[in-house]
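First up is the structure itself, then whatever we jot down about it.
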Amino acid sequence: TLWLLVLPLALAEEFLMLGVTIWATIPSVAFIGFLLLGIEEVGVQIEEPFSILPLERMAKGCTRNIDALEKQQERIMSIIEIDEDPISTTSAPSRSHSHQIANNNTSSPSPVLSNAST
Numbered sequence: 010t011l012w013l014l015v016l017p018l019a020l021a022e023e024f025l026m027l028g029v030t031i032w033a034t035i036p037s038v039a040f041i042g043f044l045l046l047g048i049e050e051v052g053v054q055i056e057e058p059f060s061i062l063p064l065e066r067m068a069k070g071c072t073r074n075i076d077a078l079e080k081q082q083e084r085i086m087s088i089i090e091i092d093e094d095p096i097s098t099t100s101a102p103s104r105s106h107s108h109q110i111a112n113n114n115t116s117s118p119s120p121v122l123s124n125a126s127t
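Just so we're aligned, residue 10 is where the sequence shown starts under the numbering used here, counting upward by one.
As structure tokens, then:
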């Protein structure tokens with residue numbers, strides 16, 4: 010901005026040498042100032058793009074959505090009972106079923122053995 014303050018002094022001398030009135034420096038300095046300050050503002054926005062984005066509102070929306078998902082999960086978990094022992098839910102036969110199979114095999118002789126012994 011200091012450069013823009015002394016720009017009219019430098020331009021006035023140049024305009025006088027060209028034969029243009031000194032009053033032409035006012036619009037030319039205003040135009041040059043507008044361009045340079047606009048470029049400066051673009052640079053500031055590029056350096057800090059998050060100052061113009063609504064990040065606080067976006068963060069609140071994310072927090073609200075996460076809270077809603079937690080409440081929904083709690084409702085679902087209260088409806089569904091979860092078995093704490095995942096081993097008992099396997100499809101392997103129970104111990105009593107295995108004993109019944111073993112007892113049935115030992116109580117009656119195999120037909121192959123009975124034919125071989127006669």
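Where is the CB? At the ideal position from N, CA and C, for every residue including glycine.
The shortest CA-to-CA distance from Gly42 to any of Gly28, Leu11, Ala68 is the one to Leu11.
Within the model, the alpha-carbon separation for Ala77 versus Ile55 is close to 35 Å. Put simply, the region 61 to 77 does not touch the region 28 to 41. Fewer than three CB pairs are less than 8 Å apart. Collapsing the DSSP output to three states places Ile55 in a helix. Exclusion of the five residues before and after Leu25 leaves no residue of its chain whose Cβ lies closer than 6 Å to its Cβ. In this structure, the beta-carbon distance from Ala21 to Ile31 falls below 8 Å.
One thing to note: Leu44 has its Cβ no nearer than 8 Å to the Cβ of Leu13.
For Ala77, the uninterrupted alpha helix (DSSP H) segment begins and ends at 64 to 88. Closest by C-alpha distance to Phe40, out of Leu16, Gln82, Leu27, is Leu16. Here DSSP, grouped into helix, strand and coil, assigns Ile31 to helix. Judged by DSSP in its simplified three-state form, Ile61 adopts coil rather than helix or strand.
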